[in-house]
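Scroll down for the structure; my scribbles are underneath it.
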Amino acid sequence: MTENIKVWPGTPLSEKDIKEKRILVTEWQPNLKYAWDAGIGYGRYFAELKKGRIVGTRCDKCRRVLLPARVFCEWCFRTVDAWVHLQDTGTVNTFSVAYTGTAAERLKEPLIPALIEIDGSGGVAIMHLISEVDPWKVKMGMRVRAVWKPEQEREGAITDIAYWKPI
Amino acid sequence: MRKVAVVGAGMTKFMRRAQETGKELAWETAKMALDSCELTIKDVDCVVMGTAPDAFDMIHMKSEYLSDGAGAWRKPYMRGFLGGGTGVFTANQAWYHVASGLFDVCLAITEEKMSSCLPHPQGAFVTCWDQFTESPLGTSLLWFFAWEMNRYMTAHGITEREIALVSVKNKKNALDHPCAQLSADITVDDVMGSEMMAWPVKRLDVSPTSDGAVALVFAAEDVAKRITDRPVWVQGVGWCVDTMYIGQRDLYYPKYVEYAARMAYDMAGIKEPRKEIDIAEPYDPFSYKELHNAEGLLLCDKGEAARLLVDGETQRTGRQPWCPSGGALGVGNAIAATGMMKVAELFWQLRGEAGKRQVPGKPRRGVAQAWGDEMQVGTVIVLGV
Numbered sequence: 074m075t076e077n078i079k080v081w082p083g084t085p086l087s088e089k090d091i092k093e094k095r096i097l098v099t100e101w102q103p104n105l106k107y108a109w110d111a112g113i114g115y116g117r118y119f120a121e122l123k124k125g126r127i128v129g130t131r132c133d134k135c136r137r138v139l140l141p142a143r144v145f146c147e148w149c150f151r152t153v154d155a156w157v158h159l160q161d162t163g164t165v166n167t168f169s170v171a172y173t174g175t176a177a178e179r180l181k182e183p184l185i186p187a188l189i190e191i192d193g194s195g196g197v198a199i200m201h202l203i204s205e206v207d208p209w210k211v212k213m214g215m216r217v218r219a220v221w222k223p224e225q226e227r228e229g230a231i232t233d234i235a236y237w238k239p240i
Numbered sequence: 016m017r018k019v020a021v022v023g024a025g026m027t028k029f030m031r032r033a034q035e036t037g038k039e040l041a042w043e044t045a046k047m048a049l050d051s052c053e054l055t056i057k058d059v060d061c062v063v064m065g066t067a068p069d070a071f072d073m074i075h076m077k078s079e080y081l082s083d084g085a086g087a088w089r090k091p092y093m094r095g096f097l098g099g100g101t102g103v104f105t106a107n108q109a110w111y112h113v114a115s116g117l118f119d120v121c122l123a124i125t126e127e128k129m130s131s132c133l134p135h136p137q138g139a140f141v142t143c144w145d146q147f148t149e150s151p152l153g154t155s156l157l158w159f160f161a162w163e164m165n166r167y168m169t170a171h172g173i174t175e176r177e178i179a180l181v182s183v184k185n186k187k188n189a190l191d192h193p194c195a196q197l198s199a200d201i202t203v204d205d206v207m208g209s210e211m212m213a214w215p216v217k218r219l220d221v222s223p224t225s226d227g228a229v230a231l232v233f234a235a236e237d238v239a240k241r242i243t244d245r246p247v248w249v250q251g252v253g254w255c256v257d258t259m260y261i262g263q264r265d266l267y268y269p270k271y272v273e274y275a276a277r278m279a280y281d282m283a284g285i286k287e288p289r290k291e292i293d294i295a296e297p298y299d300p301f302s303y304k305e306l307h308n309a310e311g312l313l314l315c316d317k318g319e320a321a322r323l324l325v326d327g328e329t330q331r332t333g334r335q336p337w338c339p340s341g342g343a344l345g346v347g348n349a350i351a352a353t354g355m356m357k358v359a360e361l362f363w364q365l366r367g368e369a370g371k372r373q374v375p376g377k378p379r380r381g382v383a384q385a386w387g388d389e390m391q392v393g394t395v396i397v398l399g400v
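Residue numbers (my numbering), protein chains in the order written: chain A, 74 to 240; chain B, 16 to 400.
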C-alpha cells in the first residue's frame, strides 16, 4: 500500500512563511499565575533548608531514606516513621555540562546540573547545580559540599542551596 | 480476550511546522487510515486519541478540540496520556477496547502540533518537572537526557562515537521514508562536531520537534478477516511507570521498559525476544535512547546494544533491524504521533508494504516501544503475522 502512495498529507511551512506573514496566525500569551502549596512533607523539607539543614524521612519497613522528604513511602504504601538529618555533602552520581536553559535558549557560560547522592541517605540523589569548578574537570564520584545562601537570603526553597562545590 | 488485528494505517508528513491545524492533521491521517482498509467512519465503533501535553498548543482539553478531526462525534471517545509514551499506549488502548469485546472496530489517532509553542516547545516542558525541587533550578529537559546518557555510557564504557552511529543509521534509514523531516546522509564526525547542547548530548544526537499525525484501524478477528487478507495481529501489549524521583533509581538501565516488555512478551508467548523478534522500533528521541531502550526490551544483554550497532546487526539488512523507519531521529518526533509511527512501521513492514524501507526476509514479528512521561514510562506492543 505505502509504496503506491504518491502524495502524503501535510503542508510544511518555512521560517520565511512566518516572517513574511504568508500564512495567518493568531497569537496569545497567557498571563497565568499559580501558587502551589508545598504540603506537609516538602513543607518541613524546605523549612529545614531555610535553617541550612537537609532532612529526609525514613521508612522502617523498607529501611529506606526518602529524599526529598515525603510523608508516605510509595513502595510500602504506609506512613513514614521518622525525620532524619542528613549531611550537606555528597557524591556526584551523574552530571552534564549544559549550554541550554529552560526554553532551549543557549547559555554562554555552561551550567553543571547534576544528580548528587546525599551523605547519610544511603545513596539517594537530588537534582542540583555544581559550580566553582572547571566544568570539564567534573567527574562521576566527585565529592561535593553545599554552598548555602546567606541566612537572611534564604526563603525555604531548593535554591537556598546556591550550588555545590568540590570538597 | 478476543484476537485483535491492525487492518489500516495513515500518516501525514512530519514537519517542523505544518500549515494544517491539529484537527486538519487528525482528519487527514484518520481518513487515510480508513481509506487504506476501505472502511468509512460509519464502520467505526469507537475512537481513541493520543496527544501529548496540552501546553504545546495551550489548548485545554485538546482531545475534545481534536474530536471532529478524529471522527469521534456521537461515538465513545477517550484520550490516554503517558507523555512521550502516549503513541504506543494509544495503540494498546485501541487493542483493549476491541479485545474486551466492547467494540468491533476502533480508530486510533495520534496527533501532535508542537510548533505552536514559542519560542521553542521545550519551554512547555518546564511544568513536567517537580515544581518545588526541580523547576526552580532553571531546569532544561535536555539535562535529564545528558544525565542518563552519561550514566549509561559510563556504566558500560560506551563511547560518544559509538552512540553517534545511531543518528547516522536512523537519519539514513529515513531517506527512504516519504514523510521524513530530518533524513540525511551524515557521518559520526558530523554528529561529534555538531553543537554541544548539554554534554554529552550534541545537536545531532537529538530528534527534532515536529508537527504530524498517525492513525491506525484496529478490528476484532472476525471483522478483520472480512476486511483484509493480511491482518497484522496484536500479539502482546505492556506498559509500566516507574518512580518520579529520579535520584532514587539508577539511570543506566530502564527497568520499567523491561517490565512493560515482559508483560507484552508473556502475552505473546515470546520466551527469547532476541530470536523470536524480527524487527524492532525502540523509541529513539535521542541517539543513546535506542540502545538504552533496546536493552530494556531485552533484545540484548545490558551494555551490549552498542556492539550490535557497531557490528551492523541493527541495520535494515542486519540480523535484527532497529528503527528501519528512520525513527524519531530521522522521521521526526511529533511526540505521540512518533510512537504510533513506529507501530505503523511494523504494520507496513510485516505486510511487506514498506517500499524502499522494506526489511528483507519477510519479517513475521516486530516490537515497537515508546518512552516518556517524566522519563520513567515504557509502553510496548508486539505485532505479528
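Where a beta carbon is used, it is the ideal one built from N, C-alpha and C, also for glycine.
Computed from a predicted model, the values in this text were never measured in an experiment.
{"Check": "Alpha helix (DSSP H) segments (min. 4 residues) lying fully within the stretch 88-152 of chain A", "Outcome": "88-92 and 112-123"}
{"Check": "Proximity to Glu328 (chain B) [Cα-Cα], best of B:Asp293, B:His307 and B:Leu344", "Outcome": "B:Asp293"}
{"Check": "Distance CB(Ile191 (chain A))-CB(Val144 (chain A)) smaller than 8 Å", "Outcome": "no"}
{"Check": "6 Å CB neighbourhood of Trp144 (chain B) in its chain, flanking five on each side removed", "Outcome": "Ser150 and Thr154"}
{"Check": "Distance, Gln373 (chain B) Cα to Ala85 (chain B) Cα", "Outcome": "29 Å"}
{"Check": "Proximity winner among B:Ala20, B:Arg89, B:Thr36 and B:Asp265, relative to Cys61 (chain B) (alpha-carbon distances)", "Outcome": "B:Arg89"}
{"Check": "Opposing strand residues paired with Trp337 (chain B) [DSSP bridges]", "Outcome": "B:Ala295"}
{"Check": "Alpha carbon of Thr167 (chain A) to alpha carbon of Lys371 (chain B), nearest angstrom", "Outcome": "41 Å"}
{"Check": "Proximity to Ser401 (chain B) [Cα-Cα], best of B:Ala321, B:Met73, B:Arg94 and B:Phe71", "Outcome": "Nothing about residue 401 (chain B) can be reported from this structure: the residues present for chain B run from 16 to 400 only."}
{"Check": "Supposed contact pair Met76 (chain B) and Ile124 (chain B) - C-beta distance, whole angstroms, cut 8 Å", "Outcome": "That pair is no contact at about 16 Å."}
{"Check": "contact_flag[the stretch 159-174 of chain A, the stretch 203-213 of chain A] where n(CB pairs < 8 Å) is 3 or more", "Outcome": "yes"}
{"Check": "Sub-8 Å separation of Leu398 (chain B) and Gly376 (chain B) beta-carbons", "Outcome": "no"}
{"Check": "Beta-carbon gap between Arg31 (chain B) and Thr224 (chain B) smaller than 8 Å", "Outcome": "yes"}
{"Check": "Minimum Cβ-Cβ distance from Val144 (chain A) to chain B less than 8 Å", "Outcome": "no"}
{"Check": "Interface flag, Trp248 (chain B) vs chain A, CB-CB below 8 Å", "Outcome": "no"}
{"Check": "Neighbour flag for Ser169 (chain A) against chain B, beta carbons, 8 Å", "Outcome": "yes"}
{"Check": "Proximity winner among B:Leu313, B:Val249, B:Gly262 and B:Lys290, relative to Ala283 (chain B) (alpha-carbon distances)", "Outcome": "B:Val249"}
{"Check": "Assumed close pair Val181 (chain B), Asp299 (chain B) - CB separation to whole angstroms, cut-off 8 Å", "Outcome": "7 Å"}
{"Check": "Nonlocal neighbours in the same chain, by C-beta distance under 7 Å from Ser78 (chain B), ignoring five residues either side", "Outcome": "Met64, Thr66 and Arg94"}
{"Check": "Cutoff 8 Å: Ile203 (chain A) Cβ touching any chain B Cβ", "Outcome": "no"}
{"Check": "Residues of the stretch 115-146 of chain B whose Cβ lies closer than 7 Å to any Cβ of chain A, in chain order", "Outcome": "Pro134, His135, Gln137, Gly138, Val141 and Gln146"}
{"Check": "Candidates B:Thr174, B:Gln108 and B:Ala45, of which the one nearest Leu324 (chain B) by Cα", "Outcome": "B:Thr174"}
{"Check": "Given 8 Å, three or more beta-carbon pairs between the stretch 20-39 of chain B and the stretch 343-351 of chain B", "Outcome": "yes"}
{"Check": "In chain order, each beta strand (DSSP E) run of at least 3 residues that lies wholly inside the stretch 56-93 of chain B", "Outcome": "61-65"}
{"Check": "Collapsed DSSP secondary structure at Ala410 (chain B) in the structure displayed", "Outcome": "Residue numbering for chain B in the displayed model covers 16 to 400; residue 410 (chain B) lies beyond these limits and cannot be assessed."}
{"Check": "Partners in chain A for Pro339 (chain B), counting only beta-carbon separations shorter than 9 Å", "Outcome": "Those within 9 Å of Pro339 (chain B) in chain A number zero; the least Cβ separation is about 13 Å."}
{"Check": "Reduced DSSP secondary structure (H/G/I, E/B, other) of Ala161 (chain B)", "Outcome": "helix"}
{"Check": "CB-CB length for Gly253 (chain B) against Val395 (chain B), believed under 8 Å", "Outcome": "4 Å"}
{"Check": "Inter-residue Cα distance where the pair is Asp226 (chain B) and Leu159 (chain A)", "Outcome": "46 Å"}
{"Check": "Ala219 (chain A): first and last residue of the uninterrupted beta strand (DSSP E) it sits in", "Outcome": "Arg216 to Trp221"}
{"Check": "Partners in chain A for Met16 (chain B), counting only beta-carbon separations shorter than 8 Å", "Outcome": "Per Cβ cutoff of 8 Å: no residues; Met16 (chain B) is ~28 Å from chain A at best."}
{"Check": "Chain-ordered chain B contacts of Thr173 (chain A) [CB-CB under 7 Å]", "Outcome": "Ser155, Leu157, Met212 and Ala213"}
{"Check": "Asn44 (chain A) - DSSP class collapsed to helix/strand/coil", "Outcome": "Examination of residue 44 (chain A) is not possible in this model, given that chain A is present from 74 through 240 alone."}
{"Check": "Collapsed DSSP secondary structure at Thr142 (chain B) in the structure displayed", "Outcome": "helix"}
{"Check": "Three-state secondary structure assigned by DSSP to Arg179 (chain A)", "Outcome": "strand"}
{"Check": "Contact set between the stretch 197-222 of chain A and chain B, restricted to residues whose Cβ is under 9 Å from the partner", "Outcome": "Val197, Ala198, Ile199, Met200, His201, Leu202, Pro208, Trp209 and Met213"}
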